[in-house]
Amino acid sequence: MTPLRPLTVRTARGNFRFRVEVADSEREREFGLMCRTSLAPDRGMLFDFGREQPDAAFWMRNTLIPLDIIYIRGDGVVRSIARNARPLDETPLPAGGATLGVLELAGGRAAEIGLRPGDRVDFPIFRSRP
0 MTPLRPLTVR TARGNFRFRV EVADSERERE FGLMCRTSLA PDRGMLFDFG REQPDAAFWM
60 RNTLIPLDII YIRGDGVVRS IARNARPLDE TPLPAGGATL GVLELAGGRA AEIGLRPGDR
120 VDFPIFRSRP
């Protein structure tokens, strides 16, 4: 397992801190959170593509728990959210635009913290724009 790194999500309800595994290699991104049986509310996985992807889409192959899949632009702004993605469902869940990273949280967690498209994720891979 990779070391956990701090990540902050900023919503209208406040700032929420998570500790995330970073999947920044092809192998890590392919495996993701497959075969996990739980995910703590303050944990997650950040997928770092290294450069913006025009057509990112995720699915839930071999994923045993529901997840919120948060697609994030290069400037750290949340593009879209696939909420409570169903375990084992291989239906593609598209981002709907260019995406540099994807944050996976336990299913329902995005709603609990009031996360919406347009909110911000703070993590070193995302560059701020004025």
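Residue numbers for the sequence shown follow numbering that gives the first Met the number 0, beginning at 0 and rising by one.
The C-beta atom is built at its ideal place from N, Cα and C for all residues, glycine as well.
query                                                                                                                                                 : result
By how many angstroms is the C-alpha of ARG50 removed from the C-alpha of ARG126?                                                                     : 12 Å
For PHE30, count neighbouring Cβ atoms within 10 angstroms of its own Cβ and tell me buried if that reaches 16, exposed if not.                       : exposed
Just how far apart, CA to CA, sit MET33 and SER79?                                                                                                    : 22 Å
Kindly give me the distance between the Cβ atoms of PRO53 and ALA97, rounded to whole angstroms, as I take these residues to be in contact under 8 Å. : 5 Å
Any idea what DSSP makes of PRO129, helix, strand or coil?                                                                                            : Residue confidence is low: PRO129 scores 41 on pLDDT, short of 50, so the model does not pin down where it sits. Its coordinate-derived value is still stated next. Coil.
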